[in-house]
């Protein structure tokens, strides 16, 4: 049984941000993640938007952490090496009623401390966004986009470099508090620690219920998305949002440019019973296209290259309006257990601020002493595709594997795949490669690169063909050999 | 940076690229280089271990690897240079190619370029199949490469969506390797693949073929566990009462092929929305002078034989272009009319005899094919049957008068 | 013994369903074909259906783990799985030349299994 000061349950963006924040101090920290990699659930399946803070009521934790987090993003991104782009967003009003809503959003935004908000008329919007028609729009310059999975990976890998332990494919089975410490039973053994951080996202209630009777409910709300081919990236420059629909506690189907040049449509909002039900549905695919066309009529029909869904962890039911504030608090019944509950949108934006807050809460239990050898490592420098020809030549001269393209759509090299598979977290699934270097993310969905990645996994990382997985522990890609090879 | 000059540069070393390169050399091009991103020339032929290749071309039936070997040997004899593991990153209207391999970045100035990039398979999202995101979903070609090249089994209980040839051939292949093939699901009322493959790959082994059916959803926790299939109505909308569940661990997608033209698009080559390939004239020249297209990046062929034969003509034209780089007029358009899905070439800018390749839009019994110049029939031909799975080839003679009129021609099947 | 078989003709895409009635080694009746080309196919299919067989054989020390193979002649349809079973038990060392005989007289059919590609040897 190993002893840790702090155990974090959940390797999403919140758990990883906390892990990185804590890695600055002289602490023994472990993170348990049940997936094959970090960001394997809602943290990878969202809009990738850095929100401004106009959508949450004044005085709420959502508003506070969102505005604080937003301001931290630029330096976070520069330090850790994940991308951000401050594309801004338009909330568009199609009629007089909706323009009133713009006024309201603006007022709330200003009160929350959001800078630069401006209501502009449809004509001006047309100048900036020729494909968008509206009566008026609220321009939100401080809204931006990022790659949520790259951000989470960058945080987690930096935490590992600074001594945090990440235990992947590790499911928490039971929790006990004995005297002043917790005993955490997992499929990888039992661990003992002083402080427990519940950052289990949509599973946060299950974790609480292992140790006390939860006095709250989780109402999972599924959001589906469609990803469009890069060929259509120039339809918009900024994010285009509708006026938020009432009574769901969501922002409505919007069209977002992505860092990589695709367009994202979504999300839908559907309250569901099973919080693991991440399917996409024909019905929502149609609805998304229909609703997105209301704000962007020129959207092409046959350009979808991907669909996915993420589950929002809501603490209020549809009947209760779907909106509840974040809860970032120490359990009253179980001291030293810090619960992060209902961290849905704008959780990605809020993550840096929530991490700081949690560190502050921990400092009440353990004296936080800064490490001298804390270092920051940039998650990624330039990709091969982003380099100039001169830079590309230089890399190939150093290592010829930079000259071997293994992903035809995204022009990813063998060297980049090897680097992705050598990550400090030890994640070695097809998805972990995909999210680190983009091999397999393009329009052919792995038609060319899968065989190369499998070859590299087998030959250079000595992986058994039956251990090659898509993402999670039981997502095996293959069923053995066509012809069994005996050792002789 | 490595700089060089060649007469003809061929992008892609599959059967089309090999055939075009050999022919270019035979027709007088001094230096011909093939650039291919794989570790071997021959494209996907080495994974197509079944036979039936070359029958139309030579009368002899070969397997894919044998067919590839024959062409690779010919290329060697003609001193065609083949650069493997070399990815073309871009080319421009001045025939400058930028490519990369382990030796560095190459800039290749060619007198003529032949596009032979082939095609890629449609994915789950082309059919917009909803459900869980799981392992166990493969395109048929990817599964074929794992089984036949890498000695890896993709699964044990398999459903195949789409009755294209790759899907049919994979049904038999999986059966041979001990997998249980639950059925092939086809949304159309007829097979997309060749009748020979329907008989020899499915009927021989009692593998069910579900016509007018589609996969409506995919489910499972982490690996695929089951798919739902349902009959579709005349508008191809699934009829929910007919839905049934098939327990399987693998879904192979054989939904058709898309010509791979990302490079062409970046070079501003005009693309035909129906074929997915470049718009070409009777010499297979694109709107960029000196850039020719052949093989599956031009149009998806039924058989490699027909593809190779056309590619030979392309190689010859490219070689001719290297000593006679004349600018051509835009010429007249050749339009697809009633009963015709598409026709290649789409443009004609020289008079004389030429060959058209086209596809019908649905299967029919006895029909008549017309090439019309206004109301005038330039060509009328009786066809005993038509089937979209079988490409139609016809020879037509275009007079200078027709060409000079500037008026479009129309091809019809009634 | 008189037997009736329905055979789907594969000579052209019409796919005539040809009804063939056989008496041991004799054709009694043939019906349903729209042209003459289907007759020979239907007779062969009714009396002695055969298939070219292609699969692969495990390779030791090769640049590829498998070598693709074919039957030197079409295999009687009812022996296909017997032949496959025998092929699956074979393992051959690289180098292998295209056309090289891998199995002689496979499953007592008088048919050989030959390589359809070259696989070079690699040093481990």
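Chains as they are written, first to last, in our numbering: chain A, 1495 to 1982; chain B, 4 to 417; chain C, 9 to 132. Just so you know, even glycine gets a beta-carbon here, dropped at the ideal spot from N, CA and C.
Counted within 10 angstroms of its Cβ, other Cβ atoms place residue i as buried (16 or more) or exposed
{"i": "residue 368 of chain B", "result": "exposed"}
{"i": "residue 1982 of chain A", "result": "Note that residue 1982 of chain A has pLDDT 48, beneath the 50 cutoff, so the model's placement of it is unreliable and no number is given."}
{"i": "residue 1801 of chain A", "result": "buried"}
{"i": "residue 24 of chain C", "result": "buried"}
{"i": "residue 7 of chain B", "result": "exposed"}
{"i": "residue 1897 of chain A", "result": "buried"}
{"i": "residue 252 of chain B", "result": "buried"}
{"i": "residue 1580 of chain A", "result": "exposed"}
{"i": "residue 427 of chain B", "result": "A query on residue 427 of chain B cannot be resolved here, the shown segment of chain B reaching from 4 to 417 and no further."}
{"i": "residue 5 of chain B", "result": "exposed"}
{"i": "residue 239 of chain B", "result": "exposed"}
{"i": "residue 1977 of chain A", "result": "buried"}
{"i": "residue 1571 of chain A", "result": "buried"}
{"i": "residue 72 of chain B", "result": "buried"}
{"i": "residue 42 of chain B", "result": "exposed"}
{"i": "residue 117 of chain B", "result": "buried"}
{"i": "residue 1604 of chain A", "result": "exposed"}
{"i": "residue 235 of chain B", "result": "buried"}
{"i": "residue 1598 of chain A", "result": "exposed"}
{"i": "residue 1970 of chain A", "result": "buried"}
Run of the beta strand (DSSP E) containing residue i, from where it starts to where it stops
{"i": "residue 1901 of chain A", "result": "1899–1901"}
{"i": "residue 129 of chain C", "result": "No beta strand (DSSP E) holds residue 129 of chain C; DSSP gives it neither H nor E."}
{"i": "residue 231 of chain B", "result": "229–234"}
{"i": "residue 1585 of chain A", "result": "1583–1587"}
{"i": "residue 1499 of chain A", "result": "1496–1503"}
{"i": "residue 93 of chain B", "result": "90–94"}
{"i": "residue 430 of chain B", "result": "What the structure shows of chain B is the stretch from 4 to 417, and residue 430 of chain B is not part of that stretch, so it cannot be assessed."}
{"i": "residue 196 of chain B", "result": "Taken as a continuous stretch (DSSP letters only), residue 196 of chain B belongs to no beta strand (DSSP E), as it is neither H nor E."}
{"i": "residue 1646 of chain A", "result": "From DSSP, residue 1646 of chain A is part of no beta strand (DSSP E) but of the alpha helix (DSSP H) over 1642–1655."}
{"i": "residue 317 of chain B", "result": "Per DSSP, residue 317 of chain B belongs to no beta strand (DSSP E); it is in the alpha helix (DSSP H), 307–326."}
{"i": "residue 86 of chain B", "result": "84–86"}
Cross-strand partners of residue i (DSSP beta bridge)
{"i": "residue 336 of chain B", "result": "B/350"}
{"i": "residue 1615 of chain A", "result": "A/1630"}
{"i": "residue 109 of chain B", "result": "B/5, B/102"}
{"i": "residue 123 of chain C", "result": "C/77"}
{"i": "residue 11 of chain C", "result": "C/30"}
{"i": "residue 288 of chain B", "result": "B/295"}
{"i": "residue 362 of chain B", "result": "B/345"}
{"i": "residue 380 of chain B", "result": "B/375"}
{"i": "residue 124 of chain B", "result": "B/260"}
{"i": "residue 17 of chain C", "result": "Paired residue(s): none; residue 17 of chain C is not in a bridge."}
For residue i, the first and last residue of its enclosing alpha helix (DSSP H)
{"i": "residue 1596 of chain A", "result": "1590–1606"}
{"i": "residue 68 of chain B", "result": "67–80"}
{"i": "residue 269 of chain B", "result": "265–269"}
{"i": "residue 49 of chain C", "result": "45–55"}
{"i": "residue 1968 of chain A", "result": "From DSSP, residue 1968 of chain A is part of no alpha helix (DSSP H); its letter is neither H nor E."}
{"i": "residue 1883 of chain A", "result": "1883–1892"}
Touch test, the region 249–267 of chain B against the region 117–127 of chain B, Cβ-Cβ under 8 Å, three pairs minimum: yes
Is there contact here, the region 119–126 of chain C with the region 65–78 of chain C, by at least three beta-carbon pairs under 8 Å? yes
Could you give the uninterrupted runs of the beta strand (DSSP E) lying entirely in the region 1684–1756 of chain A, keeping only those of 3 residues or more? 1713–1722, 1733–1736, 1748–1751
Could you tell me whether the region 396–410 of chain B touches the region 355–365 of chain B, where touching means 3 or more Cβ pairs closer than 8 Å? yes
Any 3 or more C-beta pairs closer than 8 Å across the region 1708–1720 of chain A and the region 1844–1858 of chain A: no
Below 8 Å, can you find three or more Cβ-Cβ pairs linking the region 1738–1749 of chain A to the region 1696–1703 of chain A? no
Is the region 103–118 of chain B in contact with the region 80–91 of chain B, if contact means three or more CB pairs nearer than 8 Å? With the cut-off at 8 Å, the region 103–118 of chain B and the region 80–91 of chain B touch.
Three Cβ pairs or more, each shorter than 8 Å: is that satisfied between the region 1727–1735 of chain A and the region 1621–1632 of chain A? yes
Does the region 316–333 of chain B come within contact of the region 27–34 of chain B, defined as at least 3 CB pairs closer than 8 Å? Under the 8 Å Cβ criterion, the region 316–333 of chain B counts as touching the region 27–34 of chain B, having at least three qualifying pairs.
Looking at C-beta atoms only, is the number of pairs between the region 1538–1546 of chain A and the region 1880–1891 of chain A that lie closer than 8 Å three or more? no
Segments of 4+ residues assigned as alpha helix (DSSP H) that fall wholly inside the region 1511–1588 of chain A: DSSP runs (the alpha helix (DSSP H)) wholly in the region 1511–1588 of chain A: 1555–1574.
For the region 1751–1803 of chain A, list the beta strand (DSSP E) runs that are entirely contained and at least 3 residues long, ordered along the chain. Runs of the beta strand (DSSP E) inside the region 1751–1803 of chain A: 1757–1760.
List, from N- to C-terminal side, the alpha helix (DSSP H) runs of 4 residues or more that fit wholly inside the region 1823–1875 of chain A. 1841–1857
Are the region 1778–1789 of chain A and the region 1743–1757 of chain A in contact at 8 Å, needing three or more beta carbon pairs? yes
Return the chain-ordered ranges of every alpha helix (DSSP H) run that is complete within the region 151–186 of chain B and spans a minimum of 4 residues. With a minimum length of 4 residues, the unbroken runs of alpha helix (DSSP H) contained wholly in the region 151–186 of chain B fall at 168–179.
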